[in-house]
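Right, one structure below, let's go through it.
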């Protein structure tokens, strides 16, 4: 569990270093690059968070549960498992802890119908997503695109 509820990434540049070291098996999704795969995970996460907020506002508890469940799977099985803790150093550990915190907050949001917790998760993940998007040119160059 991340020790502070107000985790704030310090800069987009700090996250770029880690995500350049992310290793995903690109064969899982055809010819998608590791960068594209993580981008798809972020897209799916933010889509799920938006769906969860909408479902909560509409008092559709079943849809809220499905959307939060999908978001948790994306964070746990996608983003967190993509981290290379051996090569990523302290930044990889920080992101691992952030992802654990996000998972805990989403679980809380699901159990307590807490829209604020969903919004907190989106706010915490936005700088990480932006950092990831900012390194696309570098990722494409490494891939030879």
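In my numbering, the protein residues as written are 1 to 145. Beta carbons are placed, not taken as given, at the ideal position from N, Cα and C, and that holds for glycine. This structure is a prediction, so every number in the text was calculated from the model and none was measured.
Asked: C-beta atoms of residue 110 and residue 65 nearer than 8 angstroms; Found: yes
Asked: Pairwise C-alpha distance: residue 58 and residue 95; Found: 32 angstroms
Asked: Classification of residue 48 by the beta-carbon crowding that lies within 10 angstroms, buried from 16 upward; Found: buried
Asked: Nearest to residue 67 (by Cα), restricted to the options 102, 46, 120; Found: 46
Asked: Burial state of residue 129 (16 or more Cβ within 10 Å); Found: buried
Asked: Own chain, CB closer than 6 angstroms to residue 122, minus 5 neighbours either side, in chain order; Found: 49
Asked: Segment limits, alpha helix (DSSP H) that includes residue 43; Found: 34–57
Asked: Residue-chain proximity (residue 54, chain D), Cβ-Cβ < 8 angstroms; Found: Absent from the structure is chain D; it holds one protein chain and no more.
Asked: Three-state secondary structure assigned by DSSP to residue 72; Found: helix
Asked: Residue burial classification, residue 120 (beta-carbon count within 10 angstroms, cutoff 16); Found: buried
Asked: C-beta contact flag for residue 75 and residue 102 at 8 angstroms; Found: yes
Asked: C-beta atoms of residue 78 and residue 124 nearer than 8 angstroms; Found: no
Asked: Neighbourhood of residue 85 by C-beta, 6 angstroms cutoff - its chain only, sequence neighbours within 5 removed; Found: 92
Asked: Proximity winner among 83, 36, 107, relative to residue 70 (alpha-carbon distances); Found: 107
Asked: Exposed unless 16 or more other CB atoms sit within 10 angstroms - verdict on residue 141; Found: exposed
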